[in-house]
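Novice: There's a structure below that I have some questions on.
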Amino acid sequence: MSPSTPRITSDRLRTPRRFPKFLKTASLCALIAGLLSPLSPAAAAETSAAAAANDYCGGQCSDILPPGENGNATLAQILLNQAFGTQPSHAEDQLGRYGNLPSGYSALTDAKINDFFNDASFGVASGQVESTTKPGGRTDVTIVRDKKTGVPHITGTTRYGTEYGAGYAAAQDRLWLMDVFRHVGRGQLTSFAGGAASNQGLEQEFWRSAPYTEADLQAQIDSATAKAGARGTQALADANAYVDGINAYIDASDSGRYFPGEYVLTGHKDSITNAGTIDHFKLTDLVALASVIGSLFGSGGGGEVNNAISLLAAQSRYGVTEGTKVWESFRERNDPEAALTVHGGESFPYASRPDSAQGQALPDAGSVTREPLVYDRTGSAAGASAATASAAAAKASVTSARRGMSNALVVSGKHTASGHPIAVFGPQTGYFAPQLLMLQEIQGPGLSARGASFAGLSMYVELGRGQDYSWSATTSGQDIIDTYAVELCQDDYHYLYRGTCTAMDKVERTNSWKPTTADGTAAGSYRMQVYRTKYGPVEYRATVGGKKVAYTTLRSSFMHEADSIIGFQMLNDPDFVKSPATFQSAVQNINYTFNWFYADSAHTAYYNSGDNPVRANGVDAEFPVWAQSAYEWRNWDAGTNTASYTPASAHPNSVDQDYYISWNNKQAKDYTTASWGNGSVHRGDLLEDRVSKLVAAGGVTRSALVKAMADAALADLRAEDVLPDLLKVVNSSPVTDSTAAAAVSKLSAWVAAGARRTETSAGSHAYANADAIRILDAWWPLLVKAEFQPGLGGDLYTAFGNNLPVDEAPSAGHGPTGSHAGSSFQYGWWSYVDKDIRAVLGEPVQGGLAQTYCGGGSLSACRDLLIGSLKEAAGKTAATVYPGDDQCSAGDQWCADSIVQRTLGGIKHGKTTWQNRPTFQQVVEYTSHR
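If you read the sequence shown in the numbering used here, its first letter stands for residue 1, the second for the next number, and so on.
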């Protein structure tokens with residue numbers, strides 16, 4: 001194989017979401033034949049990879065990332081996929097194993113783990129080499145891909161060559177996706193990919209939160225590298241080499257005409273003449289990419305204006321004193337019944353409620369309006385319906401971005417059969433085609449790791465394993481975003497900054513589009529406009545005590561999207577991470593809000609990362625405060641957006657706790673997270689209950705911990721942890737109504753069977769206990785409304801619903817991909833229902849609600865409204881409960897829950913059965929240590 005030859009012949013068959021209907025099968029075949037005709041076979045080099053001497057996992061490290069490693073496809077491959085369902089090599093060869101775990105986990109043994117996961121050992125076994133590439137003809141780096149999954153194993157003899165190879169491999173696997181997301185980060189997606197409402201929504205919402213200019217992006221690179229000394233210098237060199245590798249692949253694929261076919265379908269390249277260009281990447285593109293990922297998964301906080309609106313509604317309903325008590329009881333800042341990751345009683349106070357709040361700037365009732373973003377709409381972007389469609393898509397994007405994800409189960413060696421720690425962990429990042437993450441192994445000077453990275457940011461492995469340790473993360477969500485009320489002066493675009501009337505900075509982006517094969521949206525354009533202040537971008541306008549204000553959002557990671565690169569560099573450095581302490585030191589350099597977990601052959605560890613600002617005394621982080629010096633972050637520098645941050649010791653952290661669980665639950669006692677819903681029932685309890693039982697029994701194995709994860713992944717949280725008490729109330733007297741009695745019987749049988757959403761048999765596409773599942777899906781929103789709205793009143797009930805959605809069932813539209821996203825049961829009113837129903841039953845409740853709501857506290861009245869809403873739910877047909885969408889017909893319960901790999905390119909994949917599980921996942925148990 002020549003150095004510039006693509007890795008396998010099918011690489012040249014690589015891109016549309018749609019193609020013209022006139023392309024019938026015969027003409028398709030002729031077109032595909034024409035596209036294939038100039039190709040010459042690329043012979044895979046069968047070289048033997050030496051056994052990895054630096055691998056201390058003993059064959060007990062595994063991972064999985066559906067649908068597959070290969071996320072690029074030529075035009076011909078896309079047409080074949082669209083017409084006949086054929087898949088490019090390695091495009092979905094991990095999807096089946098991932099999707100089969102729900103039906104296969106019950107019989108799992110350690111020996112069968114890799115029936116459902118990949119072997120994540122370092123290197124490629126002799127005889128398993130599919131291809132060997134010397135990218136760009138270089139002699140200092142080799143990319144070897146294995147036959148089973150096509151994962152790139154990058155080995156370099158120089159640091160530059162290693163990172164060049166990482167960039168080249170990233171472009172081989174995700175070039176189109178990387179290009180999409182650099183344009184999302186720059187607020188330019190519609191001009192690049194088309195004017196579809198979903199594209200408008202993505203660029204609008206992400207650019208609203210990170211409206212950077214080119215100078216801003218470059219300044220972040222300069223700042224991040226300058227303040228990190230030698231590591232910063234190395235990171236800059238690594239990033240430059242990585243970008244060089246990306247651009248080398250762009251040039252090679254362009255001249256060789258095996259670039260992703262989406263470039264043809266979106267009008268950037270001509271399939272006949274090859275006219276057109278694929279723009280080279282530059283360093284600032286990586287910062288734009290990082291801003292998207294950080295906003296999606298690592299920026300906890302915000303929501304202070306909505307909090308203020310619901311507080312005012314509570315005070316209007318109950319009076320100031322009682323209304324505040326009611327609000328605080330629903331907020332559950334520090335609920336004593338909440339599942340904790342650090343569960344030994346250690347206290348880590350953060351963002352606690354002050355005794356006497358200072359500087360609050362609550363809006364006048366009814367005065368809040370969202371700051372407009374889009375102006376000067378033309379063509380298909382004009383008109384009320386177009387504006388509504390893009391606004392709805394934007395709202396979905398921001399809702400998704402605020403949803404934390406991922407889970408972790410880590411058990412100390414004291415409780416395992418082998419005496420070595422075991423971990424099963426990974427991030428829930430939604431399901432896309434191609435996937436946002438990509439797998440790689442990278443070995444070179446100062447680099448030794450295998451795992452997953454976000455496409456376009458894979459100069460380092462971000463979640464994975466080193467030589468004798470593994471690490472992973474979950475979204476933590478502590479509050480690093482505050483809302484300031486800036487007092488206006490002169491006009492609506494000047495504000496008082498430390499006593500001086502100061503002009504806001506206006507940042508603009510104008511986008512236009514025309515119809516293409518991929519996106520037929522008619523030509524249109526618009527201009528996005530954000531006003532920025534020293535206190536961050538303007539998000540709302542209102543009056544406070546009659547004064548006109550702009551509410552701004554200040555995020556500690558704003559203008560610092562590149563800072564975390566140092567922490568990831570350390571995690572990949574075998575000479576740095578050698579112990580729990582050095583692991584914790586590495587992740588302390590990550591300024592995004594994550595929970596980090598670690599396991600080696602002898603130890604486990606945990607650390608909560610993020611630049612947590614030190615707030616002024618008396619400031620309540622839950623609400624907007626005045627933009628005045630007295631209420632600013634301590635030692636805040638407006639020019640650099642830096643401040644004093646809480647020390648590492650104040651972040652929840654632990655070493656060698658008996659076990660750790662995390663599913664975006666509360667980190668530790670007294671550590672307030674920005675998200676609502678950390679109460680007595682949380683999806684973290686699904687892990688806590690199972691792992692604690694395993695630990696109590698002892699002798700935990702890898703397969704046992706995988707089983708615990710897989711079982712929790714099929715559990716309906718409402719049915720497992722709340723429904724039994726609801727049935728207690730209903731059954732407190734004989735149920736004489738035949739409809740209600742039949743529903744109770746079905747629900748009770750489902751609870752007795754384990755309260756899981758599982759198929760009757762593998763591949764049946766029908767649930768066991770289907771009627772019970774349908775009834776609960778219909779009943780939950782009805783019972784919550786019947787239970788709480790009479791007492792709260794309509795306005796407060798709606799306001800609390802804006803703080804915390806009532807439900808998040810698998811079939812609901814939620815998560816980073818909307819419906820069919822897998823991730824479920826993170827946000828909902830299950831804790832409120834649980835506490836309220838237990839109070840009605842007379843059971844002990846710690847941290848209860850300020851009032852009892854169900855039936856006003858009367859057991860018989862509560863029972864009546866539950867039975868009434870249950871009868872209504874039982875009468876709803878499957879077609880009503882599951883109304884159908886672009887993926888499923890109405891009434892198809894299994895399909896409504898199913899996971900769909902949402903297309904971000906031209907290749908489509910089949911649906912898989914629902915499971916609430918990390919997208920990328922590791923199973924690790926190290927046998928030795930350096």
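Glycine is no exception: its CB is placed at the ideal position from the N, C-alpha and C atoms.
Between the alpha carbons of Cys57 and Glu69, how many angstroms are there, rounded?
Specialist: In a straight line, the C-alpha of Cys57 is about 23 Å away from that of Glu69.
Novice: Could you check the C-alpha separation between Trp513 and Arg186 for me, to the nearest Å?
Specialist: Cα to Cα, the separation comes out at about 16 Å.
Novice: Among Lys534, Ala522, Tyr497, which one has its Cα closest to the Cα of Thr642?
Specialist: Here the closest residue by C-alpha is Lys534.
Novice: Tell me His153's beta-bridge partners as DSSP assigns them.
Specialist: DSSP output for His153 lists Val144, Glu441 as bridge partner(s).
Novice: How should Trp914 be labelled, buried or exposed, when 16 other C-beta atoms within 10 angstroms of its C-beta is the threshold for buried?
Specialist: Buried, because 16 or more other Cβ atoms sit within 10 Å of the Cβ of Trp914.
Novice: So, helix, strand or coil for Lys548, using DSSP?
Specialist: It is a strand residue.
Novice: Kindly list the residues whose CB is nearer than 6 Å to the CB of Ala772, restricted to its own chain and excluding five residues on each side of it in sequence; keep chain order.
Specialist: Excluding residues within five positions, the ones whose Cβ falls inside 6 Å are Lys746, Leu747, Trp750.
Novice: Of all the options Ala197, Thr927, Arg333, Leu439, which has the alpha carbon lying nearest to the alpha carbon of Ala94?
Specialist: Reading off the sequence, residue 94 comes out as Gln, not Ala. Gln94 has its Cα closest to that of Leu439, out of Ala197, Thr927, Arg333, Leu439.
Novice: Can Gly618 and Ser191 be called in contact, C-beta distance under 8 Å?
Specialist: No.
Novice: Got a sec? Which residues, its chain only, sit under 8 Å from Gln887 by beta carbon, not counting five neighbours each side?
Specialist: Excluding sequence neighbours, Gln887 sits near Ser819, His820, Cys895, Ser898, Val900, Lys911.
Novice: Would you say the segment 685–693 touches the segment 702–717, given that touching needs at least three Cβ pairs under 8 Å?
Specialist: Result yes; three or more Cβ-Cβ pairs closer than 8 Å.
Novice: For a test of the three-state rule: what should DSSP assign to Trp914, helix, strand or coil?
Specialist: Coil.
Novice: So Arg509 packs on Met528, CB below 8 Å; how close in whole Å?
Specialist: Arg509 to Met528, Cβ: 5 Å. Contact.
Novice: Just the C-alpha distance for Pro336 and Asp479, rounded to the nearest angstrom, thanks.
Specialist: Approximately 20 Å, taken between the alpha carbons.
Novice: State the DSSP-derived secondary structure class of Pro434, mapped to helix, strand or coil.
Specialist: Of the three classes helix, strand and coil, the one that applies to Pro434 here is coil, per DSSP.
Novice: Let me confirm a value: Lys227 is counted as buried when at least 16 other C-beta atoms fall within 10 Å, else exposed. Which label applies?
Specialist: So Lys227 ends up on the exposed side.
Novice: Checking 8 Å against the spacing of the C-beta atoms, do Leu776 and Asp716 come in under that value?
Specialist: Yes, the pair counts as a contact, with Cβ atoms nearer than the cut-off.
Novice: Does Ser352 pass the burial test, meaning 16 or more other C-beta atoms within 10 Å, or should it be called exposed?
Specialist: So Ser352 ends up on the exposed side.
Novice: Return the CA-CA distance between Tyr495 and Gly677, expressed in angstroms with no decimal places.
Specialist: One C-alpha to the other measures close to 35 Å.
Novice: Could you check if Ala384 is buried or exposed, using at least 16 other CB atoms within 10 Å of its CB as the buried criterion?
Specialist: Exposed.
Novice: Any Cβ of chain C within less than 8 Å of the Cβ of Glu843?
Specialist: Given the protein chain composition of this structure (a single chain), no chain C is represented.
Novice: I'd like to know whether the C-beta atoms of His560 and Tyr607 end up nearer to each other than 8 Å.
Specialist: Not a contact, by the Cβ cut-off of 8 Å.
Novice: Can you find the residues in the same chain that come closer than 6 Å, C-beta to C-beta, to Glu720, ignoring five residues on each side of it along the sequence?
Specialist: Counting only Cβ-Cβ distances below 6 Å, and skipping sequence neighbours, we find Ala755.
Novice: For Val619, which beta-bridge partners are listed by DSSP?
Specialist: Note: Val619 sits in no beta bridge, so no partner.
Novice: If you pair each beta-carbon of the segment 659–677 with each one of the segment 583–598, do three or more pairs fall below 8 Å?
Specialist: The segment 659–677 vs the segment 583–598: in contact.
Novice: Hey, which unbroken runs of the alpha helix (DSSP H) at 4 residues or more fall wholly within the segment 636–710?
Specialist: For the segment 636–710, whole alpha helix (DSSP H) runs of length 4 or above, ordered along the chain, are 684–697.
Novice: Quick check on Pro781: does DSSP put it in helix, strand or coil?
Specialist: Three-state DSSP puts Pro781 in a helix.
Novice: Assuming Gly426 and Phe920 make a contact with CB atoms under 8 Å, what is their CB distance in whole Å?
Specialist: Between Phe920 and Gly426 the Cβ distance is about 5 Å, and since that is below 8 Å, they are a contact.
Novice: Hey, how far is the Cα of Glu787 from the Cα of Ala878?
Specialist: Between Glu787 and Ala878, the C-alpha separation is close to 24 Å.
Novice: Taking only three categories from DSSP, how would you classify Ser824?
Specialist: Coil, per DSSP.
Novice: Whole alpha helix (DSSP H) runs in the segment 187–211 with 4 or more residues, listed along the chain?
Specialist: As far as the segment 187–211 is concerned, its whole alpha helix (DSSP H) runs of at least 4 residues are 189–193, 197–209.
Novice: Bridge partners for Tyr495 per DSSP, in chain order?
Specialist: For Tyr495, which the question treats as bridged, DSSP gives the partners Leu488, Thr502.
Novice: According to DSSP, what are the bridge partners of Asp834?
Specialist: Bridge partners of Asp834: none, in fact.
Novice: Within 10 angstroms of its Cβ, does Glu539 collect 16 or more other Cβ (buried), or is it exposed?
Specialist: Its Cβ being crowded by 16 or more others within 10 Å, Glu539 is buried.
Novice: Taking the alpha-carbon of Ala381 as reference, which of Gly477, Phe281, Ala523 has the nearest alpha-carbon?
Specialist: Here the closest residue by C-alpha is Ala523.
Novice: Exposed or buried, what is Glu843 when buried is set at 16 or more other beta-carbons lying within 10 Å of its beta-carbon?
Specialist: Per the 10 Å Cβ criterion, exposed.
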